[in-house]
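When you line the sequence shown up against my numbering, it's residues 4 to 320, in that order.
Report on the following structure.
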Amino acid sequence: MSDLSRAYKNLTFPQLKSFCEAARLGSMTAAAVSLEIAQPTVWKQIHALESHLGTSLLIPHARGCRLTPAGEQLLQLAGPLVSEMSVLSDRFRALTGATVQRLVVAATPRPCEEELPQCIAEFENRFPKVRLVLRQLADHEIVPAVLSGEAELGICLQSSPVQAGLHSEKCYEFEPTLLMPHHHPLTRIRKLRFEDIARYPLLNARGSEPDHVVAASLERVGAYDHPDRKIELQMARTIRRYVKLGFGVGIVGKPKGQPPASDIAERSLRNLIGYRQYISAVYRPRLTGNVALTGFIDELRRANRSPQGRARRVRPR
Numbered sequence: 004m005s006d007l008s009r010a011y012k013n014l015t016f017p018q019l020k021s022f023c024e025a026a027r028l029g030s031m032t033a034a035a036v037s038l039e040i041a042q043p044t045v046w047k048q049i050h051a052l053e054s055h056l057g058t059s060l061l062i063p064h065a066r067g068c069r070l071t072p073a074g075e076q077l078l079q080l081a082g083p084l085v086s087e088m089s090v091l092s093d094r095f096r097a098l099t100g101a102t103v104q105r106l107v108v109a110a111t112p113r114p115c116e117e118e119l120p121q122c123i124a125e126f127e128n129r130f131p132k133v134r135l136v137l138r139q140l141a142d143h144e145i146v147p148a149v150l151s152g153e154a155e156l157g158i159c160l161q162s163s164p165v166q167a168g169l170h171s172e173k174c175y176e177f178e179p180t181l182l183m184p185h186h187h188p189l190t191r192i193r194k195l196r197f198e199d200i201a202r203y204p205l206l207n208a209r210g211s212e213p214d215h216v217v218a219a220s221l222e223r224v225g226a227y228d229h230p231d232r233k234i235e236l237q238m239a240r241t242i243r244r245y246v247k248l249g250f251g252v253g254i255v256g257k258p259k260g261q262p263p264a265s266d267i268a269e270r271s272l273r274n275l276i277g278y279r280q281y282i283s284a285v286y287r288p289r290l291t292g293n294v295a296l297t298g299f300i301d302e303l304r305r306a307n308r309s310p311q312g313r314a315r316r317v318r319p320r
């Protein structure tokens, strides 16, 4: 009997967990990052599992690994069991109320300022035994904070796949919206173009638009070079305030379906821009099914859910 077989002669939960994570990510290295263990440990656990079952489960290739037919069958059997076992202790504590759980949420400035306050209030009402900690971080700091364990949950703008080793869930979409004073000439144009917007001072700062396609279109029509443009802003709430004061027009994202403000005019740009940006929740796979984490994501979605019926907006005449 080999040293490996002797050390892992019985089937264990860590073996199944390493196998399922490598199968999900298509890489033993990515599985090691996700599970926060060494890559050789993942390799040993999977090979011990193969030795115990007497069959090959994963086939390595240049970019990672793929399942064998036997591996696919095992994944169907073991996947649900591993998911349930991974969150057993969290669910038990939640049911018994035996301990006070701590949930650290890292979020970018926009959600912290606009969408999270209501969500946090509702979450604390539903989960009084969970100690919630909110940390505001820059966009590029969210994923590293979650990967390092500094935060259990990250809330950030997401327009591309996140790094391997993290789960990502879409929470709500942003509808691109043009803000302007009431009775502004842009409210009367039937088919709006970027060239039309560029005729008026744009309050958005150059470089603040996260969508590169939209930013390039604004640059192309000279929207950032209007002679009367003297204010450059980044936060949606600040842009709203200066639009109300009459300093120009602004483009912001607002949760899809939320009713418009009454003190300024709003016009959807979905036909011009489409839905390109959304807020995502990112977390490590081992927290899948965590009651508090799942509850926070649910509250975030609920707080930004579209109301019944379509919001009334400015319609061009």
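Built from N, CA and C at the ideal position, the CB exists for glycine as well.
Residue interval of the beta strand (DSSP E) (run including residue i)
| i | result |
| --- | --- |
| leucine 181 | 170-183 |
| valine 136 | 133-139 |
| alanine 284 | 281-286 |
| lysine 247 | Premise fails: lysine 247 lies in the alpha helix (DSSP H), 239-247, not in any beta strand (DSSP E). |
| proline 258 | 253-258 |
| isoleucine 192 | Premise fails: isoleucine 192 is in no beta strand (DSSP E) and is neither H nor E. |
| glutamine 161 | 156-161 |
Beta-carbon separation (whole angstroms), residue i vs residue j, contact threshold 8 Å
| i | j | result |
| --- | --- | --- |
| leucine 181 | isoleucine 200 | 7 Å |
| isoleucine 300 | glutamate 172 | 6 Å |
| glycine 152 | serine 37 | Not a contact, Cβ separation roughly 12 Å. |
| leucine 205 | valine 133 | Their Cβ separation, rounded to whole angstroms, is 42 Å, which puts leucine 205 and valine 133 out of contact at 8 Å. |
| proline 188 | isoleucine 254 | At roughly 16 Å, the Cβ-Cβ gap does not stay under 8 Å, so proline 188 and isoleucine 254 are not in contact. |
| isoleucine 267 | arginine 243 | 7 Å |
| arginine 240 | glutamate 127 | That pair is no contact at about 23 Å. |
| threonine 111 | leucine 160 | 6 Å |
Reduced DSSP secondary structure (H/G/I, E/B, other) of residue i
| i | result |
| --- | --- |
| lysine 20 | helix |
| asparagine 207 | strand |
| glutamate 269 | strand |
| arginine 66 | coil |
| arginine 105 | strand |
Span of the alpha helix (DSSP H) around residue i
| i | result |
| --- | --- |
| glutamate 222 | 215-223 |
| valine 42 | Residue 42 is actually glutamine in this sequence, not valine. 42-56 is the span of the alpha helix (DSSP H), which, as asked, contains glutamine 42. |
| isoleucine 276 | Run containing isoleucine 276: none; DSSP gives neither H nor E here. |
Rounded C-alpha distance that separates residue i from residue j
| i | j | result |
| --- | --- | --- |
| glycine 82 | leucine 156 | 23 Å |
| valine 149 | alanine 295 | 16 Å |
| serine 163 | threonine 32 | Per-residue confidence for serine 163 stands at a pLDDT of 49, beneath the threshold of 50, marking its modelled position as unreliable; the derived number appears in the next sentence. C-alpha separation (whole angstroms): 21 Å. |
| alanine 226 | serine 220 | 9 Å |
| glycine 277 | glycine 256 | 11 Å |
| asparagine 274 | glycine 249 | 25 Å |
| leucine 61 | isoleucine 40 | 19 Å |
| cysteine 115 | lysine 259 | 18 Å |
8 Å Cβ cutoff met for residue i and residue j
| i | j | result |
| --- | --- | --- |
| serine 54 | alanine 34 | no |
| arginine 113 | valine 136 | no |
| alanine 26 | leucine 78 | yes |
| tyrosine 175 | tyrosine 281 | yes |
| histidine 170 | proline 288 | yes |
| leucine 28 | leucine 52 | no |
| valine 108 | alanine 154 | yes |
| alanine 306 | glutamine 121 | yes |
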